[in-house]
Amino acid sequence: MEKMTYCTKCKDTVVISNAKYTRLANNRAIIEGFCSRCGDHLIKASIMPKSFTLKVGRK
Numbered sequence: 004m005e006k007m008t009y010c011t012k013c014k015d016t017v018v019i020s021n022a023k024y025t026r027l028a029n030n031r032a033i034i035e036g037f038c039s040r041c042g043d044h045l046i047k048a049s050i051m052p053k054s055f056t057l058k059v060g061r062k
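At position 27 of the sequence shown (counting the first as 1) the number is 30 in the working numbering, and the numbers step up by one without a gap.
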């Protein structure tokens with residue numbers, strides 16, 4: 004299933020291209036990628052799937 008979110012530049016719900024799971028500094032899981040229409044950077048807060056483990060390397 005394609006990940007979708009609202010683009011504030013296009014003002015419409017769009018598909019996130021190059022979507023990848025990542026974590027913020029506060030350990031919150033997000034999906035980040037780019038708008039398929041305008042190319043703007045998008046993030047979507049989501050629940051990380053249980054089968055997916057993400058290692059965060061801190062400096």
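Where a beta carbon is used, it is the ideal one built from N, C-alpha and C, also for glycine.
Quick caveat, the model's predicted, so the values are computed rather than measured.
Cβ neighbour criterion (16 or more within 10 Å) applied to residue i
i	result
Leu45	buried
Cα-Cα separation between residue i and residue j, rounded to whole angstroms
i	j	result
Gly42	Thr8	13 angstroms
Thr11	Ser39	13 angstroms
Asn21	Asn29	23 angstroms
Phe37	Leu27	17 angstroms
Cutoff 7 angstroms; reference residue i; Cβ partners in own chain excluding five residues on either side
i	result
Ser49	Ala32, Ile33 and Ile34
6 angstroms CB neighbourhood of residue i in its chain, flanking five on each side removed
i	result
Lys47	Thr8 and Ile34
Val18	Glu5, Met7 and Ser39
Residues that DSSP places opposite residue i in a beta bridge
i	result
Arg40	Paired residues: none, contrary to the question.
Ser20	Phe37
Leu27	Answer is none; Leu27 lacks a bridge partner.
Neighbourhood of residue i by C-beta distance below 8 angstroms, restricted to the same chain and skipping five residues each side
i	result
Thr16	Met7, Thr8, Tyr9 and Cys10
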